[in-house]
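Working notes for the structure below.
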Amino acid sequence: GYAPAGRFFFSRIAQRKVIRNLLGQAYHRPEAVTDELVEAILAPALTPGAADVFLAFVRYSQGPLPEDLLPLAPCPVWIVWGQDDPWEPVALGRKLADFPAVRAMEELPGVGHCPQDEAPELVNPLVLGWLGEAESAGECSS
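Just so we're aligned: the sequence shown equals residues 17 to 158 in the numbering used here.
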């Protein structure tokens, strides 16, 4: 477990207003920060064990990094990155795109940290196209 200070920190973050503010920083498109999205993120934060998971994440104390996993990818990897991501600069995505497993990287202008939520109208067709391409080439099992 984590110290009481860590749990207190989590309790201050796991609130609608704070989540909305954090998403407003991460997303380039403010209209993408909806009540539904805030609730979808808040709900798991209210379950037992959520504080431990969150604190492990912010400390990067568990789990491999993308740099560790990309060499192990069993099929081609496609990366989608928001060009206006304030937390993970697009330059990081470009470095990851240099790994041999990465087939392509799509940079989305005017999109921030969570392209799948912020711009599903751009991301979903890309994902469907890539899945179809990989399946027809027999590169991944479905």
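Note that CB positions come from ideal geometry on N, CA and C, so glycine has one too.
Asked, Found
"Just to confirm the assignment, what range does the beta strand (DSSP E) spanning Ala120 have?", "118-124"
"For Val127, does the three-state DSSP call read helix, strand or coil?", "coil"
"Mind checking which residues open and close the beta strand (DSSP E) that includes Val93?", "93-98"
"Around the C-beta of Ala56, are 16 or more other C-beta atoms found within 10 angstroms, so that it is buried, or is it exposed?", "exposed"
"So, at 8 Å on beta carbons, what are the nonlocal neighbours of Val118 in its own chain, with the 5 sequence-adjacent residues on each side left out?", "Leu86, Pro92, Val93, Trp94, Ile95, Leu112"
"DSSP on Leu81, reduced to helix/strand/coil?", "coil"
"Please state whether the Cβ-Cβ distance between His44 and Gly109 is less than 8 Å.", "no"
"Have a look at Ala135 and His129 and give me their C-alpha separation to the nearest angstrom.", "11 Å"
"With burial defined as no fewer than 16 other Cβ atoms inside 10 Å of the residue's Cβ, what is the status of Ala67: buried or exposed?", "buried"
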